[in-house]
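Have a look at the structure below before the remarks.
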Amino acid sequence: MADGNGFLGGRLLVVAFEGWNDAGEAATGAVRALKELLDVEMITEVDPELYFDYQFNRPTVSTNEDGVRSLGWPSAIMYGPTNPGVTGVPLADDAQLRVSGTNAGNIYLLIGTEPSRSWKSFAAEILDAALAADVSGVVFLGAMLADVPHTRPISIFVSSDNAQVRAELQIERSNYEGPVGILSVLSDAAETVGISTLSIWASVPHYVHNAPSPKAMLALIDKLEEVIDVVIPRGVLVTEAADWESGIDVLAGEDEEMAAYIAQLEQARDTVDSPEASGEAIAQEFEKYLRKRGTDGRDGRADGRPDGRSDGPGTRPDGPRH
240 MADGNGFLGG RLLVVAFEGW NDAGEAATGA VRALKELLDV EMITEVDPEL
290 YFDYQFNRPT VSTNEDGVRS LGWPSAIMYG PTNPGVTGVP LADDAQLRVS
340 GTNAGNIYLL IGTEPSRSWK SFAAEILDAA LAADVSGVVF LGAMLADVPH
390 TRPISIFVSS DNAQVRAELQ IERSNYEGPV GILSVLSDAA ETVGISTLSI
440 WASVPHYVHN APSPKAMLAL IDKLEEVIDV VIPRGVLVTE AADWESGIDV
490 LAGEDEEMAA YIAQLEQARD TVDSPEASGE AIAQEFEKYL RKRGTDGRDG
540 RADGRPDGRS DGPGTRPDGP RH
C-alpha cells in the first residue's frame, strides 16, 4: 500500500479491454467515458505488431472531418493525468464536464484490445509502464454475460486477490477456477511486483449480448466512483440506460417466449434480493428455475440457451465468479 494510506493512498490505474472481458462494451465504455472527463494524456502505447493477430483483430479504416482516410490498429494505450496529483475542480464549478474530488489527479487509464499472443511479455510491458508512473493500485473493469433480467439493477461484483485490499474495502476473494482473460494475467503480474489490485465486474443480460449496454456501463461507473473516491459526471448515460431498457421492453412485448423467460429471471432475482430470503429459499428457487429450463439446466435446445446461442466469450470471463 502506498504511503500507508491504503488502496486509495496512491496513483490508481483503471483498466479495461475489448474482447472476452467486455460484454455489452460496458467496461471499455466506462473507461472511455472517464477518458473524456479526465485531463489525461497518452503515456505509452504498445507495438501492435508484437501482440495482435490481424486476422482476428483486424485494423479499421475511417475518414476524419477533413476527408482523410486512415488506418487504426488494435493496440493498448495508457493515459496519465496532465498534472499528476492535482485535485479535481470543485463539483459545483464543473459538475458536468470533469471528474472531481481529491483523487481526480491520481487516476491513470489503460484501454485496449485483448492481445492475441505473448501475454507474459505484454503484461511485463504494461507493468513496467505502471511502475514508471508510480502506480500503486490497479482497478480492473470487466463485464460478463449472465442469466440476469434487464429490468432489475445491474449486478456488480467486487473482489480482490490482495488480503489488505479485501480487509480495507470489506470485499471478498474470487473463488473461480478455470480459463481466464488478460485481466487475470495482468492482475497476477501486478500483485507479483507489489501493485495492489481490485476487480469490478458487471453482469449483462445474455439475451441482448449483441448490443452495447449503457445500463451496465453506468453501473460500473457508479461502483468505480464509490471505490476510488471521486465524483464522475454521468452525462447522457442515464438517459441512454433508460432508453436501452425501454427498447428491450418493446422487443419482449413482441416475443412471448422472450417475455416469459425474462419473467422467470425476474422472479429468481427478486427471490434472491428479498430481505426474508434464506439460503434454502434461494436454493429452492434456483432449482425450480433449472427445472423450468430442463432437468439438466437446459431449455430443450441443443446449446442450452433460450436464444439459441452457445456459451462463448463473455459467459466464462475471468471476473468475480461467485
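Here the sequence shown is numbered in the working numbering, starting from 240 and rising by one per residue. Backbone N, C-alpha and C define an ideal beta-carbon position, used for all residues, glycine too.
Taking a contact to mean a Cβ-Cβ separation below 9 Å, would you say residue i touches residue j in this structure?
| i | j | result |
| --- | --- | --- |
| Ser442 | Met383 | yes |
| Ile434 | Leu366 | yes |
| Leu437 | Phe379 | yes |
| Ile501 | Thr390 | yes |
| Ala266 | Gly344 | no |
| Arg250 | Asp292 | no |
| Val338 | Leu252 | no |
| Ala455 | Ala262 | yes |
| Asn342 | Ile487 | no |
| Val404 | Ile410 | yes |
| Pro444 | Ala499 | no |
| Ala269 | Leu490 | no |
| Glu464 | Ile471 | yes |
Restricting to Cα atoms, I'd like to know which of the options is closest to residue i.
| i | options | result |
| --- | --- | --- |
| Val387 | Leu247, Asp305, Arg508 and Glu257 | Arg508 |
| Gly351 | Asn260, Ala480, Glu416 and Thr302 | Asn260 |
| Val374 | Pro418, Ile282, Ala402 and Val511 | Ile282 |
| Glu353 | Val424, Val307 and Ser398 | Val424 |
| Ala428 | Val477, Val377 and Lys462 | Val377 |
| Leu476 | Glu284, Ala272 and Glu505 | Ala272 |
| Ser290 | Ile316, Gly311, Trp358 and Leu349 | Looking at the sequence shown, residue 290 is not Ser but Tyr. Ranking the options by Cα distance to Tyr290, first place goes to Trp358. |
| Asp494 | Tyr446, Ile467, Asp482 and Val511 | Tyr446 |
| Val285 | Asp400, Tyr318 and Gly268 | Tyr318 |
| Ala481 | Glu430, Glu280 and Ser452 | Ser452 |
| Glu407 | Asn414, Ser413, Tyr415 and Ser398 | Ser398 |
| Phe246 | Ile460, Ile346, Gly263 and Ile393 | Ile346 |
| Pro298 | Val307, Gly306 and Ser314 | Ser314 |
| Asp461 | Glu411, Thr510, Trp440 and Asn303 | Trp440 |
| Glu430 | Asp305, Ser301, Gln506 and Leu370 | Leu370 |
| Asn449 | Glu257, Glu264 and Gly248 | Glu264 |
| Pro287 | Thr510, Pro392, Gly311 and Pro418 | Gly311 |
| Asn401 | Val432, Trp483, Thr302 and Pro392 | Val432 |
| Glu257 | Leu349, Gly417 and Asn414 | Leu349 |
| Gly274 | Thr510, Val511 and Arg473 | Reading the sequence as shown, one finds Lys at residue 274 and not Gly. Comparing Cα positions, the closest option is Arg473. |
| Ser301 | Asp512, Gln294 and Ser309 | Ser309 |
| Phe361 | Pro392, Ile316 and Ile393 | Ile316 |
| Ala372 | Glu304, Gly417 and Glu280 | Glu280 |
| Val511 | Asn414, Pro392, Asp305 and Asn296 | Pro392 |
Could you give the residue range of the alpha helix (DSSP H) that holds residue i?
| i | result |
| --- | --- |
| Ala406 | Ala402 to Leu408 |
| Ser485 | Leu476 to Gly492 |
| Ser426 | Ile421 to Thr431 |
| Ser466 | Looking at the sequence provided, one finds Val at residue 466 rather than Ser. Looking at the DSSP string, the run of the alpha helix (DSSP H) that includes Val466 is Pro453 to Ile467. |
| Tyr500 | Glu495 to Asp512 |
For the beta strand (DSSP E) holding residue i, just list the boundary residues, first then last.
| i | result |
| --- | --- |
| Val443 | Ser435 to Pro444 |
Is residue i close to chain D? Criterion is C-beta to C-beta, closer than 9 Å.
| i | result |
| --- | --- |
| His389 | Checking the listed chains, one finds no chain D in this structure; it contains a single protein chain. |
Length at least 3, wholly inside the region 338-398: the beta strand (DSSP E) runs in chain order: 346-352, 374-385 and 395-398
- request: Quick one: which unbroken alpha helix (DSSP H) runs of 4-plus residues sit fully inside the region 253-318? Chain order, please.
  value: The region 253-318 contains these whole alpha helix (DSSP H) runs: 265-276 and 287-290.
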